[in-house]
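Below is one structure, written out as structure tokens; comments come after it.
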Amino acid sequence: MDNTYTTFKIHPSIGIARLGNTDDDFYLTPEQPGTLPIACDEMGREQKDKKGNPIRVSSFKDDNDLSKIKKQAARFRVFAYKNEEDTEGEEIKIGGTYNFIYQTAVTAPRMVEGKVTDIDWTVHLANKKASWYEFQETDGQEGYAPSHPLRNPEVTQPDLRRQLIIDPGPLTVNLKNNKGAFAKFGSESKKMDASKHKKVSYPQTFPPSDIQPNSIETLGSLMVNEQEKNIRLIVLGGNGNSGSTNTPVIESFVNNDGWFDDISDGPVTAKIEYTFTDITYDGDKEIKTKTSGTMDVQVPAWVVVGYPRYVPEMEDMITMDEKMYDLFVRKMAYDPQVFGVPPFTQENNSPKTQEEFDIWRNEAHYNPDYYPKFYKELWPQLRRPDDFKYTFVFDFFGGGDPHNRGTGGNLNYETLSIPPKNGEDPYYRLRQFVLGIMRQTNQLNDYEVEGNYNSTSNKPRLMPMLCGNNPLSNTAPEKFLSMTETQLFFLKQWANGKFVNECDEWGESNKNCTNPWANPPTTGVGINRGVLSNVLGGAFCPGGELSWIVDNPAIYSEPYRIKHATYIAGGLSIPQPIANTDGSAAPNLAEGLEPGDLTKYIGIPWQADFHECTFQNINITYEKWNNIYPESIGDPVEQQIAYNIPWWPAHRPIVVPESLNGSQVYWASGIPNNKAGDLQMVQAWKDLGFLIADGTGITRQFYQVERNNDALGDPVKPGDRVLGQSFGESNKENNKN
Amino acid sequence: MSGKKKKISQYEQVKKILNTLQGKTVPSYQGLHAFWLDPETFITASLYGQRLIAPKEDSDSGQTSHGCCGSKDSSSVPATTKQSTKNSGGCCGSEESSTDAASLEPAVSAVQQPPTTTSIGDCWPSGGSGGGGGGPTQKRSDQSAIITGLKGHYPFDGSIFPKLLWDAAAVASADQIQIIANWIDADCPLTLEEEQKRAAKVTEVSTNNSRLALANGELLHQVSKNKTNQDHRDNKGLTIRKEVSSLTPEELGTFREALNCMFQYTDYWQDERSFDYWARIHTDSCQHGWEQFTTWHRLYLYFFEQKLQDYNQDIALPYWSWTDYADQNKNTFNNKEYDLGVLPKAYGCYLTQKGLDKLKDKKTSEGKSILNKKEISSLEKIVKNGTIYNSGLRFLKAAGIPYEIINVNNVAVWSDKIKAIYDILKETNPLWFPNRWPGSMGPLSQYPTKEDINLLLSLDNFGDFGGGPSYDHHYGSLEKVHNGMHNFSGGTNPTYPDNSDEWKKIYKNLKLTPDPQSKENPIYGWMTDNRITAFDPLFWAHHSNVDRIWARWQELHTGTPQEMNAVLAPWSMTVQDTMSIQKLGYTYMKDSVFYDVSSKVGLVKFNSAPTQVSTNTLDTHRKAEIKIHRVQRGNLQNAHIRVFLNAPEASIDTPTKGNDHFVEEITTFHGSCYGGPGHCNLPLDKTRQFDQRQLHHHEPRNYKINATDAVQRILNNGAKDITIQLIIIGIDGNQIDNAVYIDGVSLNFMD
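Those protein sequence lines, which keep their order, are chains A and B. Those letters in the first sequence? Residues 1 to 737, per my numbering, in order. Those letters in the second sequence? Residues 1001 to 1751, per my numbering, in order.
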């Protein structure tokens, strides 16, 4: 063993749990993009097939009850890294030997070789939505104006404001005390709690128990399991309960005073328990004492609870992994061969201090000699839209198939994947065409391709043709979505012939060359990224699981790691204007995040925004304005509207095949497209169907399963106008109006 | 390998290795497939922008200066023209012309914007990337993708591409990679015959290796064999006027060649190429006895030297350091023994075999050989011994050839035989002059010593030193000393009747009237006569020394002549224009030793071979200075450079305090540089006539380090020669190999 102590890290760096309303049945979060969740036993132990591969779950509801959705559990593990060169790490096991720092109250720190016996996992979930500011699109991204309205604005007394936070306090579990509940003391949910310090009191805050329609007495639970000597943490989220202190009505897709939901997020830390043989001397006599110690895992993690992923195998147009990757590449020297200071090597691009980062950020740029890999860095961007035809009808009028991946289609990988060879580049123009219709980051408010065109034909529309971060208000509009800067850079390289087709070059040794994520990840980084690849990476209005705060480099301690703030029990921060009145804690991104700080931007209750995120008519008359009032001045301007621009077809289905090869139906049939529907969704989310995939390649299709027709009625086909049924169409309104 | 086995060529070995490594399946390699099997592909093609085998260095540098955008980075340029025709039509990313817009679908053409390239190319010519911009030059193999790829170095470290070969049966061993690298560094011979042909060139390849060894101080930097002025000019330094005894045989040879060439134009004395043209200027315009003495002669030398440099730009006028010969001349100055004065050997009279052969062929008008057997054998002895004589007379005396004067139209001239011999002697050493008999002129003042010159230099106003203005004219002390040396070097003609009873008789017999200004047998040497002094080539070395002493005085004092705006005819320059010799482009050194250093490799330690300067230089120099030439500045880290003498083992850990070998520590102060690609490159050489811009901020700079005391300490400790060591230390105190890029180190001795 070398002389350095081991670095321990928790993976995934950001774990994702999902709400569910079954009593105890759950499955594990998938760790690869677009894959089904992993089956597990009642303690969260992964189920494996004979080859050792995870068994996938394809049933998402209670075996006997289609109104009960299973929870998705976030699983955490501790990896050990031998030294700085070790980038892969290895999960620690009971009995594993590592170098630990041993320290007691009376001895100086020293390094000892110890054996792992257990891990004390500590998690602290909270929900700060009701205590936070109103979500108003892009407002707040750069800080909140003093006049920015708060949710529940009448609550201005700091202690009362803190009461709006759902804070069950932290829980610590390990192999001996292997279950914990983020539940109200004395509640039914708290009874299963067997956590390490369960008798330690904490100034919990929960919503009043009489909120309607559903009360909230827990944000979730923890368990620890041992599988093949690995000690793993399982985090389960809330039950999907949302309720209001008033007569429940929904007034806005995102801000509803009096409401609470049981979404949450918070830090995950761990302490490794180990034993070692301590040698002391009595004169010449060697005395060996078996001693136990603990050491904190130096690099902790975070857990985020989201709502169910109804189409687990369909990737979002931009995944959270891609969104964060882009940020870390451009701001944190994550992949200097892509973006850095020449020569684009790791050695030359390792800023450590703030000053070094400032210099690096000033000088770094995309590497013109970077060759993106077709199947890893290009094809996902190009193939995803074709899947969306199973959750959305693209062109109600033309019926065209703009994303056709088949022979002759715009997005046929057989032509797009061929790089120039021997000076021949037959698909150069096709690639240039595809690049030309991709929306650049400076075209967020452009609907169509610019430039000369034959006026008799339609201009091509810019892609992706999805809603952006702000198609609603007039503050910093971002009407449409663009791929990330880094993805666009990959596309640019590709269009110019600078890319590699992996299957041409190393397909022989890697049969999965067309899917780099075909095998479950074995490295810590692979797990980090795999988990986030199933989280929505945009648009953020406010977003799916997380909002635009993920685009702020201040919240990270290192790539993919949320910075942990220190805080005192019962003293979680509240918006600054109120915190200032009694000097209590206000948010401070530079110091890190507290429990609840990642999800507080999301709509409350989440079901309202989720229901409304179908598609949107966007006013494109003027680039810089979403809302215009020409009638107030009698301006005869002809308004231009981009109709039916979808939000996130993979995250919130709209029109889906009723069954395999079945006809298309509205996914949310039975829930009307209005505020009453939003309110209905507070209950109906658990009755909606899931979509699973069948087949491979371009013949792969998605279809609906497990819809609870008993609660929602039979699904409605587009074109069928049935009284009281939804068309799935629902426009979010600027919540300032 | 066993001797019986048929020897196979390197390329065959390379193919075999790569075939074996690849195994059965060959991936696309961007359509190149088994690229190693086709030498043309292998040597010219790129794999995803990575040139498999780097182009040869010389072809690379050609691109740097003239290429179009991005051509500097050869790796990003498609390897063959065939490849480049497809999409990259013009220069600098002007690609719109390459797309045939008319044939496109309207919707397609709507989006056919010219692709905006992420990188702007570096299409600006420059002096090259230098050490900081481009990093040290590596071996050709190190820049070849096949080698970096097999080794798994960036970008084949998995960051952009996996290690080569792809989908291979095996991973290359270090030995296998080395065989391929050797083949590339031998410039990719394809057959055994080619290998042998290139074997001679292998030494060149090894220079790359030795470069690194030199930069690490493992090999000694040898004294440059170039002419001093070639090295200094190559490093954009001033022309060095050296003490004449420090000229190398080559330098002396070129100087003599130039004068011989000038002498060929003697009949065309209005031609600037004629030596007489220049000598006559003194006759017509010289300034003596007032303050323009120094300034006029400075320009006179300047323009003459410029003319010489037209012939060969390495030429500089040497100077005759009078005081170096003071000891030897103690007894030659004030006595009746004529032409025994000691002058620099370069100006002496001697004969070479070639000259002797020519003499042997010379016939009198009667067709007889001009030399008899006895004379020939004496001359052969002189040639063999290589003896150098103070004067022509001394030479003739040694050869047993009587000096003969004849009467031609009542003018005393040399006999045909003497003329023939003198012609050959002049041709052999154009610096020798027949009418020069250095030494005594009878009772004269003292030969100047070092102390005398120091006294002269201590004068603290220009008037005393250099003379007074026209309205209060008087000689300066410098000129007075100068006068004495004119007379000493010209000397007294022992064969002039006034000086010899024997020659009184000879003249009488020849019915000749003695003429003190006789062209071929004057009373004194021509150096003594300011009308004709410049015809003696020694004049120029003499006046260089005068000019040097003034330049030294200028370093010590601030005084100037009073009439600064006066024009110095026949030139159009003024007194003011002569005030700086540096501005006129030259400086004086007793001797200069240059060590060429490669700026292609970052210096870690400089370790020199001994200087091999003369004992005289070591003994008599006034100042010793180490100059570090052309220290690059662009985007380099700061570092300390510790300078040692005679400490070949010096390292980072060598103490400096109390160490007699330690000279000085200098610290560089650079900065990062901002701008487009190539902004940190070295600037172009200034070649345009009207380029009046200031020193470019990335022009490499020089450091001068006064090493006088250190050299003295070393010599006092018994050293017989000097070596120089530079140790490069990062500002963090650790070794650093990419902070200091220099072109040379010189040790310069000043009088």
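Just so it is clear, CB atoms sit at the ideal spot from N, CA and C, and this is done for glycine as well.
inquiry  = 9 Å is my cut-off, CB to CB: does residue 20 of chain A come that close to chain B?
reply    = Counted from its first residue, the first sequence places residue 20 of chain A at position 20. For residue 20 of chain A, the answer is no, since every Cβ of chain B falls outside 9 Å of its Cβ.
inquiry  = According to DSSP, residue 236 of chain A sits in a beta bridge with which residue or residues?
reply    = The residue you call residue 236 of chain A lines up with position 236 of the first sequence. A:221, per the DSSP bridge assignment.
key: Buried or exposed by the 16-neighbour rule on C-beta atoms within 10 Å, applied to residue 1408 of chain B   = Here residue 1408 of chain B corresponds to residue number 408 of the second sequence, with the count starting at 1. So residue 1408 of chain B counts as exposed.
query = Which stretch, first to last residue, makes up the beta strand (DSSP E) that contains residue 555 of chain A?
reply = For the purposes of this step, residue 555 of chain A is identified with residue 555 of the first sequence, where counting begins at 1. Unbroken run through residue 555 of chain A: none, as it is neither H nor E.
key: the segment 1208-1227 of chain B touching the segment 1605-1617 of chain B, judged by at least three CB pairs closer than 8 Å   = yes
key: the segment 158-171 of chain A / the segment 124-142 of chain A touching (three or more Cβ pairs under 8 Å)   = yes
Alpha-carbon to alpha-carbon, residue 430 of chain A and residue 330 of chain A = In the first sequence, residue 330 of chain A corresponds to position 330, counting from 1. In the first sequence, residue 430 of chain A corresponds to position 430, counting from 1. For residue 330 of chain A and residue 430 of chain A, the distance between alpha carbons rounds to 28 Å.
task = Step through the CB atoms of chain B and report whether any lies within less than 9 Å of the CB of residue 620 of chain A.
result = To locate residue 620 of chain A, count along the first sequence from 1; it is residue 620. No, residue 620 of chain A does not count as interfacial toward chain B.
request  = Please classify residue 191 of chain A: is it buried, with 16 or more other beta-carbons within 10 angstroms of its beta-carbon, or exposed?
outcome  = Taking the first sequence and counting its residues from 1, one reaches residue 191 of chain A at position 191. Label assigned to residue 191 of chain A: exposed.
task = Return the residues of the segment 1012-1034 of chain B that lie within a Cβ-Cβ distance of less than 8 Å from chain A, sorted by chain order.
result = 1025, 1027, 1028, 1029, 1030, 1031 and 1032
query = So, helix, strand or coil for residue 702 of chain A, using DSSP?
reply = Position 702 of the first sequence, counted from the first residue, corresponds to residue 702 of chain A. Strand, per DSSP.
key: Contact with chain A by residue 1160 of chain B, beta-carbon distance below 9 Å   = Against the second sequence, residue 1160 of chain B aligns to sequence position 160. Chain A contact via Cβ: present.
query = Looking at the structure shown, is residue 1251 of chain B part of a helix, part of a strand, or coil, going by DSSP?
reply = Position 251 of the second sequence holds residue 1251 of chain B. In this structure, residue 1251 of chain B counts as helix in the three-state DSSP scheme.
task = Please name the residue, chosen from B:1154, B:1562, B:1402 and B:1182, that lies closest to residue 344 of chain A on a Cα-to-Cα basis.
result = The residue you call residue 344 of chain A lines up with position 344 of the first sequence. Considering only alpha carbons, the answer is B:1154.
query = Taking the beta strand (DSSP E) that residue 1342 of chain B falls in, what are its first and last residues?
reply = Translated into positions along the second sequence, residue 1342 of chain B becomes position 342. It is not in any beta strand (DSSP E) - residue 1342 of chain B carries neither H nor E in the DSSP assignment.
Any non-hydrogen atom of the ligand ZN within 8 Å of residue 1593 of chain B CB = Of ligands this structure carries none, so the ligand ZN is not represented either.
inquiry  = To the nearest angstrom, how far is the alpha carbon of residue 1524 of chain B from that of residue 1498 of chain B?
reply    = Position 524 of the second sequence, counted from the first residue, corresponds to residue 1524 of chain B. Position 498 of the second sequence, counted from the first residue, corresponds to residue 1498 of chain B. Each residue's alpha carbon lies about 10 Å from the other.
message = residue 94 of chain A and residue 791 of chain A - do their beta-carbons sit closer together than 9 Å?
response = Here chain A has residues from 1 to 737 only, and residue 791 of chain A is not among them.
9 Å Cβ cutoff, residue 1166 of chain B in contact with chain A = Position 166 of the second sequence, counted from the first residue, corresponds to residue 1166 of chain B. Judged by the 9 Å Cβ criterion, residue 1166 of chain B is in contact with chain A.
query = Does the Cβ-Cβ distance between residue 29 of chain A and residue 74 of chain A come in under 9 Å?
reply = Stepping through the first sequence from its first residue, residue 29 of chain A is reached at position 29. Stepping through the first sequence from its first residue, residue 74 of chain A is reached at position 74. Against a cut-off of 9 Å, the Cβ pair of residue 74 of chain A and residue 29 of chain A comes out as a contact.
request  = Mind reading off the beta-carbon distance from residue 1029 of chain B to residue 1018 of chain B? Whole number of angstroms is fine, and I expect it under 8 Å.
outcome  = If you number the second sequence from 1, residue 1029 of chain B lands on position 29. If you number the second sequence from 1, residue 1018 of chain B lands on position 18. Rounded, the Cβ-Cβ distance is 11 Å, inconsistent with contact.
As assigned by DSSP and simplified to three states, the class of residue 292 of chain A = Walking along the first sequence from the start, residue 292 of chain A turns up at place 292. Strand at residue 292 of chain A.
ask   = In terms of alpha-carbon separation, which member of B:1167, B:1009, B:1014 and B:1020 lies closest to residue 511 of chain A?
value = Taking the first residue of the first sequence as position 1, residue 511 of chain A is located at position 511. Minimum Cα distance to residue 511 of chain A is reached at B:1167.
Interface positions of the segment 1550-1562 of chain B facing chain A (Cβ-Cβ less than 9 Å), listed along the chain = none
inquiry  = Does residue 612 of chain A come out as helix, strand or coil in the three-state DSSP assignment?
reply    = Here residue 612 of chain A refers to the residue found at position 612 when the first sequence is read from its first residue. Of the three classes helix, strand and coil, the one that applies to residue 612 of chain A here is helix, per DSSP.
task = Rounded to whole angstroms, what's the CA-CA distance from residue 1256 of chain B to residue 1305 of chain B? Just pull it up for me.
result = Here residue 1256 of chain B corresponds to residue number 256 of the second sequence, with the count starting at 1. Here residue 1305 of chain B corresponds to residue number 305 of the second sequence, with the count starting at 1. Going by the C-alpha atoms only, they are around 13 Å apart.
message = So, with DSSP's three-state summary, where would you put residue 1748 of chain B?
response = Mapped onto the second sequence, residue 1748 of chain B falls at position 748. The answer is strand: DSSP assigns residue 1748 of chain B an E or B state.
request  = Below 8 Å on the Cβ atoms is my guess for residue 182 of chain A versus residue 219 of chain A; work out the distance and round it to an integer in Å.
outcome  = Position 182 of the first sequence, counted from the first residue, corresponds to residue 182 of chain A. Position 219 of the first sequence, counted from the first residue, corresponds to residue 219 of chain A. Confirmed, Cβ separation roughly 4 Å.
request  = Please list the partners that residue 1703 of chain B has in chain A, where partner means a Cβ-to-Cβ separation under 7 Å.
outcome  = For the purposes of this step, residue 1703 of chain B is taken as the residue at position 703 of the second sequence. Chain A residues near residue 1703 of chain B: none, gap ~28 Å exceeds 7 Å.
query = Should residue 1412 of chain B go down as buried or exposed, given a rule of 16 or more other Cβ atoms within 10 Å for buried?
reply = Here residue 1412 of chain B refers to the residue found at position 412 when the second sequence is read from its first residue. Flag for residue 1412 of chain B reads buried.
ask   = What's the C-alpha gap between residue 66 of chain A and residue 671 of chain A?
value = Position 66 of the first sequence, counting from 1, holds the residue named residue 66 of chain A. Position 671 of the first sequence, counting from 1, holds the residue named residue 671 of chain A. Those two C-alpha atoms are separated by around 17 Å.
Proximal residues to residue 1265 of chain B (C-beta, below 6 Å), its chain only, five neighbours per side dropped = Position 265 of the second sequence, counted from the start, is the residue given in the question as residue 1265 of chain B. So the list reads 1271, 1273 and 1274, once near-sequence residues are dropped.
message = Using a Cβ-Cβ cutoff of less than 8 Å, which residues in the same chain neighbour residue 1389 of chain B once the five nearest sequence positions on both sides are dropped?
response = For the purposes of this step, residue 1389 of chain B is taken as residue 389 along the second sequence, with counting starting at 1. Here the set comprises 1348, 1349, 1350, 1395 and 1398.
query = With 16 as the cutoff for other CB atoms within 10 Å, does residue 1143 of chain B come out buried or exposed?
reply = Indexing the second sequence from 1 puts residue 1143 of chain B at position 143. The residue in question, residue 1143 of chain B, is buried, as its Cβ has 16 or more Cβ neighbours within 10 Å.
query = Using Cβ-Cβ distances below 7 Å, what residues of the segment 1035-1059 of chain B are close to chain A?
reply = 1048 and 1049
Beta carbon proximity, residue 1154 of chain B to chain A, threshold 9 Å = For the purposes of this step, residue 1154 of chain B is identified with residue 154 of the second sequence, where counting begins at 1. Answer yes: the Cβ-Cβ gap between residue 1154 of chain B and chain A drops below 9 Å somewhere.
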